[in-house]
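See below for the structure under consideration.
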Amino acid sequence: MEDQKNNSGRLPRKRFYRARAHSNPLSDSHFPVPLTPSHVDYSLHYPYFFPSEQDTADDNGDVAGVSKAPIPICNSKIRFVDVGCGFGGLLVSLATLFPDTLMIGMELRDKVTEYVKERILALRVANPGQYQNISVDRTNSMKYIPNYFSKGQLSKMFFLFPDPHFKEKNHRRRVISPHLLDEYAYTLAVGGIIYTITDVEELGDWMRSCLEGHPLFEAVVEEDLEKDPVVKLLTSATEEGQKVARNGGLTYRAVYKRIAPQAVDKIAKSN
Amino acid sequence: MEEGSIEDGEKISRETEVAPALIAIHPLEKSVVVAVGSELRIFDLQGDRSITLLGDNSGGPLHTDAIRAVCFGATGRVFASAGDDKLVKIWNTESWQCTRTVSSEKRVSAVAISHNGAFLTFADKFGVVWVVDLEKDDEKAAPLLAHYCSIITSLDFSPDGQFIASADRDFKIRITVFPKKPLDGAHEIQSFCLGHKELLSACGYIGSFVSCLAFVHTSEYPQWFLLSGSGDSTVRMWDFISGTLLDTCEVGAQAELVESNGEECPRVVTDICASSDGSLVAVAIQRQVLQHFGAFLIIFGCVVLTCLLFRYCSLHGVMLMCCNFSARTLSVSKVVTVGESFVPTRLGMSCSAEHLWMVTGASNLPSSGPLAHVRVVSLCQKGLDPTVLEDGAVPGGKKLLEKLQGSLTAVKQVDALVAAAEAVKMAMRNLLIKREYSMEKRELRKKSRNDRKLKQIL
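Chains as they are written, first to last, in this note's numbering: chain E, 1 to 271; chain Z, 272 to 729.
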């Protein structure tokens, strides 16, 4: 089994990475967390763009046989984050759609994270030069978002098919909540977009009402949604989305834009 | 067998839960309040009399469970107290009548009053900060902001009233813009001050929790700075507008110089106290090792003092430090001894920074019940070393001590002080340090989940 898992070059098989569908975000975490956003090790996540010193010293340490040319996006930071990326379907689709943008998936379940890691490595080997801009980390995004991203760093955040946590007692475990939106607003640049989608109507209403009630977010108008190539991926790219589509289920989408706080003052004054 | 020990580790019975004694000083040093357990002990320094609290106007009773947080407003007109009985009480400091009681859904861990006196904020154990409009009488508390399910340990307003700082049991310090209409929530985060970290030392696990915050400032610079103390044995200085860490002072290493026994052990910074002009900052530290009680009080002077490093044989001391605003550095300058087994649980200072007030004690001890012991360090004489005042020389004299401590002599028993320090330390550990389980235990915990148990029975 170990052999099959580590057989790089071939896509990992999900059956070796089965995990419980739910994970408790409230429990104390015992995995390493970067101290600050500047402690996030980009050379580990994106070795192609951020070769570590050892790699450069080692002459032929070629990543998937690709010769190393100076890479234009070296100075860039992570711009897209898929919170609760699951098996990584969205990241894989976005990687080729935005080849010059660094993106990361965050996932709390360690087995699932392992799967995504293997999947990305295999894709990099099979498609030289591609998929170098995506990575994944095992973390609790509800607690540690500020440890990964500085103020205004992100331009897109994805929350696709999150755990619905039906019981009222467990609503505080929902990944979209009025208080967590403050943190998302902090990490998103003005104009940045937050994409949410679910197949649970109750959760769809909840996410929309949280975003609607937040002074730093504004709904993206339908016209812009149609122009946005990412919107289509919300249902088609993720494993959850495909499952819902197979079963002919409905999805509930809420896409909001981060707005500047000054605009908030103006709204308040005009009212 | 194995399972039994897990259960033990998880259950912390209410009986062993102990609250540290607290102290708050009126900004003009008109009165001093000590909170031990559910009791507020107040001495009016201006009128030279002790105050007896008589129920209150708002219909509610006095506190019925341990008080966890006390504070005066910036002008000293109002005083707030709150704690495990889920009540936040607001007192008029002239009449010492309770003018209002706000109930909280959860136990309260911190309180702060905005500098204009218009709003009271309090934080609960779920990490939510609530705000109350003090000018409107019957409005309920509204949620202001939240740390994600982490106990908030400290809450403070920046002195210009623009920001509210909140620190939690994880390691986060969040600086939030305090809005014009706080009842609608504070949504704009100015920065996160990140840097306090978890460490494993030779003597065991050190928590990364942030225990205390203080804003400091000097007239030469328009900017305010933030100081934070943590379970990781450091005091850190921040530019809180950008969240940049400016300097870190390892208090453990500094205390080592004084102790000179070569033993390295984690020390928890339990409180920071800064004079409003920033010329003086004091820090209380607790040693995380059984049987040894290091009692240190570190004082940071913002003007660089000529450092006289005394050699102390005793463990029980006060340490002076310097904080250089232009170089943005923080360093130890001096230590002053306090006395046998005196580990301050909370510090207090008035605006004039004439005296540094310290209290040690615990809400509930098996042997002696509630205990509070107050000491005062005189800081006023320029050029002279800060000295610990004798009981008779304390402002308010023995009368004050009798009121605040409940007795003049009982509190001086070393055993009682040692027991109190130990109880407070254990309570703090239980509350703030993450419990570590071995892999085996974690697997076992998963197996013993309730739904699995049910299945087995069926």
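Quick reminder that beta carbons are idealized off the backbone N, C-alpha and C, glycines included.
Please read all numbers here as calculations on a predicted model, not as lab measurements.
Query raised in the report: Hey, quick one: how far does the beta strand (DSSP E) through residue 501 (chain Z) stretch, first residue to last?
Result: Here the beta strand (DSSP E) through residue 501 (chain Z) covers 495-501.
Report task. At 7 Å on the CB atoms, spell out the chain E contacts of residue 496 (chain Z), in chain order. Result -> The contacting residues do not exist; residue 496 (chain Z) stays about 18 Å from chain E at best.
Report task. Taking only the alpha-carbon atoms, compute the straight-line gap between residue 93 (chain E) and residue 228 (chain E) and give it to the nearest angstrom. Result -> Distance between the alpha carbons of residue 93 (chain E) and residue 228 (chain E) is about 14 Å.
Requested in this report: Consult DSSP for residue 635 (chain Z) and reduce its assignment to one of helix, strand or coil.
Outcome: coil
Query - Residue-chain proximity (residue 142 (chain E), chain Z), Cβ-Cβ < 7 Å - result: At a cut-off of 7 Å, the C-beta of residue 142 (chain E) has a neighbouring C-beta in chain Z.
Query raised in the report: Taking 6 Å as the cut-off, does the CB of residue 432 (chain Z) come closer than this to any heavy atom belonging to the ligand PLP?
Result: Of ligands this structure carries none, so the ligand PLP is not represented either.
**Report entry** Positions along the stretch 392-418 of chain Z whose CB lies within less than 9 Å of some CB in chain E
**Finding:** 397, 398, 399, 414, 416, 417, 418
Query raised in the report: Short check: CB of residue 289 (chain Z) to CB of residue 694 (chain Z), under 7 Å?
Result: The criterion of a C-beta distance shorter than 7 Å is satisfied by residue 289 (chain Z) and residue 694 (chain Z).
Report task. Please determine, among Z:546, Z:545, Z:557, the residue with the shortest C-alpha to C-alpha distance to residue 539 (chain Z). Result -> Z:557
Query raised in the report: Based on Cα-Cα distance, which residue from Z:715, Z:374, Z:323, Z:392 lies nearest to residue 368 (chain Z)?
Result: Closest option to residue 368 (chain Z), Cα to Cα, is Z:323.
Query raised in the report: Can you name the residues that DSSP bridges to residue 217 (chain E)?
Result: BP columns for residue 217 (chain E) point to E:258.
Report task. Give the DSSP bridge partners of residue 697 (chain Z), in chain order. Result -> Residue 697 (chain Z) pairs with nothing; no bridge assigned.
Query raised in the report: Quick one: what does DSSP say residue 668 (chain Z) is sitting in, helix, strand or coil?
Result: helix
Report task. Out of Z:343, Z:712, Z:603, Z:656, point me to the one whose CA is closest to residue 295 (chain Z)'s CA. Result -> Z:343
Report task. Compare the C-alpha of residue 45 (chain E) against each of E:132, E:98, E:32 and name the closest. Result -> E:132
Query raised in the report: Nearest-angstrom Cα distance between residue 386 (chain Z) and residue 392 (chain Z)?
Result: 11 Å
Query raised in the report: Who are residue 158 (chain E)'s beta bridge partners in DSSP?
Result: E:82, E:195
Query raised in the report: When the Cα atoms are used, what is the spatial distance from residue 441 (chain Z) to residue 137 (chain E)?
Result: 20 Å
Query - Given residue 640 (chain Z) as reference, the closest of Z:320, Z:688, Z:499 once Cα atoms are compared - result: Z:688
**Report entry** Test item: CB-CB of residue 257 (chain E) and residue 221 (chain E) under 7 Å
**Finding:** Going by C-beta atoms, residue 257 (chain E) is not nearer than 7 Å to residue 221 (chain E).
**Report entry** Helix, strand or coil at residue 418 (chain Z) according to DSSP, with G and I counted as helix
**Finding:** coil
Query raised in the report: Cβ of residue 447 (chain Z) within 7 Å of Cβ of residue 388 (chain Z)?
Result: no
Query raised in the report: Is it the case that the Cβ atoms of residue 505 (chain Z) and residue 521 (chain Z) are separated by a distance below 7 Å?
Result: Cβ atoms of residue 505 (chain Z) and residue 521 (chain Z): closer than 7 Å.
Query raised in the report: Just how far apart, CA to CA, sit residue 39 (chain E) and residue 443 (chain Z)?
Result: 15 Å
Query - Beta-carbon gap between residue 659 (chain Z) and residue 628 (chain Z) smaller than 7 Å - result: With respect to the 7 Å criterion, residue 659 (chain Z) and residue 628 (chain Z) are not classified as neighbours on the basis of their beta carbons.
Requested in this report: Examine chain Z for any beta-carbon lying closer than 7 Å to the beta-carbon of residue 182 (chain E), and answer yes or no.
Outcome: Interface residue, yes.
Query raised in the report: Unbroken beta strand (DSSP E) runs of length 3 or more, entirely within the stretch 303-345 of chain Z: which are they?
Result: 310-315, 320-322, 338-343
Query raised in the report: Are residue 211 (chain E) and residue 122 (chain E) close, meaning C-beta to C-beta below 7 Å?
Result: no
**Report entry** CA nearest to the CA of residue 488 (chain Z), picked from Z:500, Z:544, Z:480
**Finding:** Z:544
Query - Other residues of its chain near residue 478 (chain Z): CB distance less than 6 Å, five sequence neighbours each side excluded - result: 502, 703, 704
Report task. Using a Cβ cut-off of 7 Å (strictly closer), state whether residue 459 (chain Z) contacts chain E. Result -> At least one CB atom of chain E sits nearer than 7 Å to the CB of residue 459 (chain Z).
Query raised in the report: When DSSP labels each residue in this structure, what does residue 437 (chain Z) get in the three-state scheme?
Result: strand
Report task. Measure from the C-beta of residue 196 (chain E) to each C-beta in chain Z and report whether the shortest distance is under 7 Å. Result -> no
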